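S.K.: Protein sequence lines, in the order shown, are assigned to chains A and B. The first sequence begins at 14 in our numbering and counts up by one. The second sequence begins at 4 in our numbering and counts up by one.
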Amino acid sequence: AQTVTQSQPEMSVQEAETVTLSCTYDTSESDYYLFWYKQPPSRQMILVIRQEAYKQQNATENRFSVNFQKAAKSFSLKISDSQLGDAAMYFCAYRRDTGTASKLTFGTGTRLQVTL
Amino acid sequence: EAGVAQSPRYKIIEKRQSVAFWCNPISGHATLYWYQQILGQGPKLLIQFQNNGVVDDSQLPKDRFSAERLKGVDSTLKIQPAKLEDSAVYLCASSPGGGVNIQYFGAGTRLSVL
Numbered sequence: 014a015q016t017v018t019q020s021q022p023e024m025s026v027q028e029a030e031t032v033t034l035s036c037t038y039d040t041s042e043s044d045y046y047l048f049w050y051k052q053p054p055s056r057q058m059i060l061v062i063r064q065e066a067y068k069q070q071n072a073t074e075n076r077f078s079v080n081f082q083k084a085a086k087s088f089s090l091k092i093s094d095s096q097l098g099d100a101a102m103y104f105c106a107y108r109r110d111t112g113t114a115s116k117l118t119f120g121t122g123t124r125l126q127v128t129l
Numbered sequence: 004e005a006g007v008a009q010s011p012r013y014k015i016i017e018k019r020q021s022v023a024f025w026c027n028p029i030s031g032h033a034t035l036y037w038y039q040q041i042l043g044q045g046p047k048l049l050i051q052f053q054n055n056g057v058v059d060d061s062q063l064p065k066d067r068f069s070a071e072r073l074k075g076v077d078s079t080l081k082i083q084p085a086k087l088e089d090s091a092v093y094l095c096a097s098s099p100g101g102g103v104n105i106q107y108f109g110a111g112t113r114l115s116v117l
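Here it is, written out as structure tokens:
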């Protein structure tokens, strides 16, 4: 079974600084998707960024970028120019589609604090 | 475009009682998911529907949990009877299918079983 590991329960960053959240995963598949979701206190999971495993280029969305290392099974999230609104739980997730089955497997999350 | 709607937002019940949660997915999304998120953990899939058919319910505790998606739109998740360990946030998500097939989540229902 696929597993996703987030080894940093909590991280803290000062406003305007850069922070990197770590994620590793275990799979024997070569074709899959990886995601970072943000969950603020409102509880709604919001997609931050996604990466298709067949793409070598790292995904970027404005201040958010990933470092995808397929051989190492590593998928870290870098947040640049951190803002107070970035404070939330961040979950790394893996998805391998088999037919129409497309469940997300989540890590345990990293709580990000942003300080002034 | 309206997002995934869930109700109620909060529910408190005593053990052995029954409870139901409702989800209305994004219009046109064929696939609907129910996840259970226990405090301190990531969400775990309970059941996935494709239109009104079940695709994956391998992690649904079928002795007490049931779910249906009548007419392939709204869905209801029921627990009967509830146990203390069912205290969690129940998240509903929907996706359009095809391609990257992003899952969009609702705000969830927080269930407390006393």
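Cβ coordinates follow ideal geometry from the N, Cα and C atoms, glycine included. Since we're looking at a predicted model, the values are computed, not measured.
If contact is defined by three or more beta carbon pairs under 8 Å, each pair taking one atom from either stretch, is the segment 33-43 of chain A in contact with the segment 52-61 of chain A?
M.R.: No, because fewer than three Cβ pairs between the segment 52-61 of chain A and the segment 33-43 of chain A fall closer than 8 Å, the two stretches do not touch.
S.K.: Here's the rule I'm using: 16 or more other beta-carbon atoms within 10 Å means buried, otherwise exposed. How should G102(B) be labelled?
M.R.: Counting Cβ neighbours within 10 Å, G102(B) comes out exposed, since fewer than 16 surround it.
S.K.: Taking 9 Å as the threshold (beta carbon to beta carbon), is I15(B) in contact with chain A?
M.R.: With 9 Å as the cut-off, I15(B) does not count as an interface residue toward chain A.
S.K.: Is the CB of D89(B) under 9 Å away from at least one CB in chain A?
M.R.: It does not; no Cβ of chain A falls within 9 Å.
S.K.: Going by other Cβ atoms of all chains shown within 10 Å of its Cβ, with 16 needed for buried, is A29(A) buried or exposed?
M.R.: A29(A) is exposed by the Cβ-count criterion.
S.K.: Short of 6 Å in beta carbon distance, which residues of its chain neighbour L97(A), apart from the five on each side in sequence? Order them along the chain.
M.R.: Only V127 meet the Cβ criterion.
S.K.: In three-state terms, what does DSSP make of K86(B)?
M.R.: Of the three classes helix, strand and coil, the one that applies to K86(B) here is coil, per DSSP.
S.K.: Name the two residues that bound the continuous beta strand (DSSP E) containing T18(A).
M.R.: 16-18 is the span of the beta strand (DSSP E), which, as asked, contains T18(A).
S.K.: So who's on the other strand from Y36(B), going by DSSP bridges?
M.R.: Y36(B) pairs with Q51(B), A96(B).
S.K.: Per DSSP, what kind of secondary structure is D99(A) in: helix, strand or coil?
M.R.: Here D99(A) sits in helix by DSSP.
S.K.: Please determine, among Q21(A), S43(A), P22(A), the residue with the shortest C-alpha to C-alpha distance to Q15(A).
M.R.: Checking every option, the nearest Cα to that of Q15(A) belongs to S43(A).
S.K.: Straight-line CA distance for S20(A) to K74(B)?
M.R.: Going from the Cα of S20(A) to the Cα of K74(B) covers about 42 Å.
S.K.: Within its chain, find whatever has a CB closer than 6 Å to the CB of N27(B); leave out the 5 residues flanking it on each side and keep chain order.
M.R.: Taken in chain order, the residues that qualify are A8, D77.
S.K.: Determine whether the Cβ of T34(B) lies closer than 9 Å to any Cβ atom of chain A.
M.R.: Output row for T34(B): interface = yes.
S.K.: Taking the beta carbon of Q53(B) as the centre, do at least 16 other beta carbons fall within 10 Å, making it buried, or is it exposed?
M.R.: With 16 or more other Cβ atoms within 10 Å, it is buried.
S.K.: Applying a beta-carbon distance threshold of less than 8 Å, which residues of chain B neighbour K116(A)?
M.R.: The contacting residues are Y36, L48, Q51, D59.
S.K.: At a CB-CB cut-off below 7 Å, which residues of chain B make contact with R56(A)?
M.R.: V92, A110, G111, listed in chain order.
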